[in-house]
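One structure below.
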Amino acid sequence: MQEALDFLKENNEVAFATIGNGRPQMRVFQIMKQSGTTLWFATGPHKRVYAELQETPAVEILSRNGNISLR
Numbered sequence: 151m152q153e154a155l156d157f158l159k160e161n162n163e164v165a166f167a168t169i170g171n172g173r174p175q176m177r178v179f180q181i182m183k184q185s186g187t188t189l190w191f192a193t194g195p196h197k198r199v200y201a202e203l204q205e206t207p208a209v210e211i212l213s214r215n216g217n218i219s220l221r
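Just so we're aligned, residue 151 is where the sequence shown starts under the numbering used here, counting upward by one.
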């Protein structure tokens, strides 16, 4: 786990997948902060992604650097 967290500190731009209207929705997000194993992202209540997270809080992220990827 620590190796993954260290990778994300160096590669903090991630593909961020949510579910909206029953379908996957992808965006690029930047990890704003790490606190232990918690990753913090920023969005606002007027954004569609915010509503999607309220309805279905499950997400998936993908970060990549060269031929190394982390999901």
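From the three backbone atoms N, C-alpha and C, an ideal C-beta is built for every residue, glycine too.
- The three-state reading of DSSP puts V178 in strand, counting E and B together.
- Setting aside the 5 residues that flank it on each side, N162 is surrounded in the same chain by Q180 and I181, each with a C-beta closer than 6 Å to its C-beta; the list follows chain order.
- Of the candidates E160, L212 and P195, the residue whose Cα lies closest to the Cα of E205 is P195.
- Sorting S219, N217, L212 and G216 by C-alpha distance to the C-alpha of M176 places L212 at the top.
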